[in-house]
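Protein chains: 2
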Amino acid sequence: METRISEIEKWEQFLREKGYKLTPERRVVLEEIFSHHGHFHAEELYRRIKSRRKRKVSLATIYRTLPLLVESGIIREVMRCEGRGIYEHIWGEKHHDHLVCMRCGKVIEFYDERIERLQQDICKKYGFHPVEYRLGIKGYCQECQSKVK
Amino acid sequence: METRISEIEKWEQFLREKGYKLTPERRVVLEEIFSHHGHFHAEELYRRIKSRRKRKVSLATIYRTLPLLVESGIIREVMRCEGRGIYEHIWGEKHHDHLVCMRCGKVIEFYDERIERLQQDICKKYGFHPVEYRLGIKGYCQECQSKVK
DNA sequence: ATCAGTGCAAAGGATTTGCATTACA
DNA sequence: TGTAATGCAAATCCTTTGCACTGAT
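Protein chains in written order, with numbering that gives the first Met the number 0: chain S, 0 to 148; chain P, 0 to 148.
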């Protein structure tokens with residue numbers, strides 16, 4: 000049976016390995032991210048922390064922390080929407096990909112084991128050490144197809 | 000035997016369908032894009048046109064044209080690098096995906112028929128009408144793996 | 001002739017950064 | 001204690017936009 004360390008343990012481990020410090024801010028950011036499911040962006044995370052946590056974290060620190068979380072494999076940038084980076088936490092989650100409707104903005108998440116395996120095959124073939132997979136398909140969802148010019 | 004219309008014909012057709020005009024600027028942008036292979040961003044395209052073409056095109060027009068070219072399926076945004084959108088032309092090209100090294104920035108293009116098919120399967124399953132597929136894998140290339148902390 | 005398209009320069013907006021201050025290790 | 005991290009505000013920088021002018025249909 001596979002045991003997986005928690006996101007906070009992963010975070011601590013990553014920071015320690017890199018010689019970074021585990022500050023209260025970094026802890027709060029992680030906690031807040033894992034207190035919700037779904038997608039978020041920097042500004043939104045900032046507002047959530049501001050309204051729900053004792054320890055406030057500045058937007059600058061959020062922006063400085065997100066790349067570290069990505070590097071550690073705890074979150075990833077899923078896509079970019081209206082100029083903003085959209086993230087989701089992936090630690091402890093089953094990997095999945097996205098269908099994004101270009102008209103209504105709806106996001107359908109899907110998982111396909113075969114695609115996952117093929118991606119790994121590709122990396123092996125090129126001797127590439129993957130950190131982040133990202134498959135996104137843009138188009139029109141069932142409801143919107145008839146409404147597009 | 001499959002015949003495919005040229006990029007300029009495709010461009011004309013798209014603009015006509017949408018009721019847009021084929022201006023000299025739009026023509027030059029398309030021509031310049033197809034005069035090179037590989038990736039480009041807005042600023043770079045602007046400079047290329049400025050130095051190589053009689054008809055200059057402003058950066059604003061470039062920025063207004065790129066989304067139309069994406070919408071028409073002639074080019075696509077491949078990724079985002081240092082805050083900039085990176086594009087490539089896809090009309091008449093075999094679809095492919097990318098491995099991007101997080102250390103040296105090297106981009107490996109690959110093509111896998113099975114992945115293409117699976118993506119189509121997924122869309123069918125969800126009744127989704129795809130416009131743009133994008134699979135990118137970030138990580139470390141063979142040379143860089145040993146150099147990462 | 002009309003109305004979309006263009007260039008210019010100014011505006012916008014997400015993200016980054018310099019610097020003084022704070023606080024982990 | 002020393003050095004990295006934080007907060008603030010200013011700076012960046014890609015991209016968008018308002019407006020007057022030009023030109024394609």
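We put the beta carbon where it would ideally sit given N, CA and C, even for glycine.
The structure presented is a predicted model; accordingly, all values stated were derived computationally and were not measured.
Item to complete: Using a Cβ cut-off of 9 Å, pull out every chain S residue sitting near Val130(P), in sequence order please.
Response: The answer, in chain order, is Met101, Ile136, Lys137, Gly138 and Tyr139.
Discussion item. Taking beta-carbon pairs under 7 Å, can you tell me which members of the stretch 0-16 of chain P lie near chain S?
Written reply: Taking 7 Å as the Cβ-Cβ cut-off against chain S, none of the residues of the stretch 0-16 of chain P qualify.
Worksheet item: In chain order, what residues of the same chain have a beta carbon less than 8 Å from the beta carbon of Tyr110(P), not counting five sequence neighbours either side?
Response: Result list for Tyr110(P): Lys93, His94, His95 and Asp96, in chain order.
Practice prompt. Check whether the Cβ atoms of Ala41(S) and Leu58(S) lie closer than 9 Å to each other.
Written response: Yes, they are a contact pair.
Worksheet item: Around the C-beta of Gly4(P), are 16 or more other C-beta atoms found within 10 angstroms, so that it is buried, or is it exposed?
Response: According to the sequence as given, residue 4(P) is Ile; it is not Gly. Its Cβ having fewer than 16 others within 10 Å, Ile4(P) is exposed.
Worksheet item: If you measure beta-carbon to beta-carbon, which residues of the stretch 80-108 of chain S are closer than 9 Å to chain P?
Response: Residues passing the 9 Å Cβ filter: Gly84, Asp96, Leu98, Cys100, Met101 and Ile107.
Item to complete: Rounded to whole angstroms, what's the CA-CA distance from Phe127(S) to Glu115(S)? Just pull it up for me.
Response: Each residue's alpha carbon lies about 15 Å from the other.
Worksheet item: How is Leu188(S) classed by DSSP in three states: helix, strand or coil?
Response: The requested residue 188(S) does not occur in the structure, where chain S is confined to residues 0 to 148.
Discussion item. For the alpha helix (DSSP H) containing Tyr110(S), name the first residue and the last one.
Written reply: Counting along the chain, Tyr110(S) falls outside any alpha helix (DSSP H), and DSSP gives it neither H nor E.
Worksheet item: Would you say the stretch 97-108 of chain S touches the stretch 42-49 of chain S, given that touching needs at least three Cβ pairs under 8 Å?
Response: With a cut-off of 8 Å, the stretch 42-49 of chain S and the stretch 97-108 of chain S do not count as touching, because too few Cβ pairs lie within range.
Worksheet item: At what residues does the beta strand (DSSP E) containing Glu131(P) begin and finish?
Response: Unbroken beta strand (DSSP E) run through Glu131(P): His128 to Tyr139.
Worksheet entry | Among Leu65(P), Val130(P) and Cys103(P), nearest to Ile85(P) - alpha-carbon criterion | Minimum Cα distance to Ile85(P) is reached at Leu65(P).
Worksheet item: Trp10(S) to Leu44(P), Cα distance in whole Å?
Response: Spanning the two alpha carbons is a distance of roughly 41 Å.
Item to complete: Can you pull the chain P residues whose beta carbon is under 7 Å from the beta carbon of Gly126(S), in chain order?
Response: Here the neighbours are Gln141.
Worksheet item: Given that Leu117(P) touches chain S, what residues does it touch there, using C-beta distances under 9 Å?
Response: Neighbours of Leu117(P) across chain S, judged by C-beta separation under 9 Å: Asp111, Arg113, Ile114 and Leu117.
Fill in: Glu87(S) in three-state terms, based on DSSP
Three-state result, Glu87(S): strand.
Practice prompt. Could you say which of His88(S), Lys123(S) and His38(S) lies nearest to Gly104(S) if we only look at CA atoms?
Written response: Here the closest residue by C-alpha is His38(S).
Discussion item. Looking at chain P, is there any beta carbon in it that lies within less than 9 Å of the beta carbon of Arg133(S)?
Written reply: Chain P contact via Cβ: present.
Worksheet entry | Residue range of the unbroken alpha helix (DSSP H) whose run includes Val99(S) | Bounds of any alpha helix (DSSP H) do not take in Val99(S); it lies within the beta strand (DSSP E) bounded by Asp96 to Cys100.
Fill in: Closer than 9 Å to chain P by CB, Ile121(S)
Yes, Ile121(S) lies at the interface with chain P (some Cβ there is under 9 Å from its Cβ).
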